[in-house]
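Residue 1328 is where the sequence shown starts when you use the numbering used here, and the numbers rise one by one after that.
All C-beta atoms, glycine included, are put in the ideal place defined by N, C-alpha and C.
Computed from a predicted structure; not experimentally measured.
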Amino acid sequence: MTTSVVSIVYVNDAPAAARFYGDLLGMSPSFETSGYITFDLGPGADLGVWSGQFEDLSPDVPRTSEVCLAIDGGPDELNAIFEQWKSKGVTILREPHDAGFGLTFLAADPDGNRIRVAPRD
C-alpha cells in the first residue's frame, strides 16, 4: 500500500504555476526542481505541478479532471474564498452553486486546469 498520493497537474511553466498555486493555497513548495514542484498538503497528500511533459498546453483544450480543494468551513468560508480568488484575477469557470453535495465553485489555473472548491465530505 502506498503512503502518499500525489495529484499531478501538467503546466507550461512549473515555477509560474507554483507561484499561482502557492498564492492560492497560502503555502510554499515542499520540493522544487526546474520542471517539477510539489506542495505537501498534509499526511499522505501532495500536489505536484510538472512542466515539459506536453508542449503548449492551452486553456482552450477541454479538461476531464480537476483538483478539488475540500474545505471544512461552510458556505460563508466558500464564498469568502470565491471573493478572494476573484479579486486576485483567478479565472472563474462557474460561480458558487449548490451541486447536491453542498455549495461549490469552479476555477481554472493559467493553463486551463480545473480547480474546484467544495465542502469536505
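Which one of the options has the shortest CA to CA distance from residue i?
i	options	result
R1390	P1402, V1338, T1431	V1338
G1403	G1375, V1444, L1352	In the sequence on display, residue 1403 carries Asp and not Gly. Answer by Cα proximity: V1444.
F1347	V1376, L1433, P1423	V1376
A1343	L1405, P1370, Y1363	Y1363
Give the secondary structure of residue i by DSSP, where H, G and I count as helix, E and B as strand, and everything else as coil.
i	result
A1372	strand
F1347	helix
P1423	strand
P1446	strand
Under the rule that 16 or more other beta-carbon atoms within 10 Å means buried, what is residue i, buried or exposed?
i	result
T1431	buried
D1425	exposed
F1428	exposed
L1374	buried
T1329	exposed
V1388	exposed
V1332	exposed
Please report the Cβ distance between residue i and residue j, rounded to the nearest whole angstrom; I am assuming they are in contact, meaning their Cβ atoms lie under 8 Å.
i	j	result
G1439	L1384	7 Å
Practice problem: Kindly provide the ranges of any beta strand (DSSP E) runs that are 3 or more residues long and lie completely inside the region 1364-1415, ordered along the chain. | Solution: 1372-1378, 1393-1398
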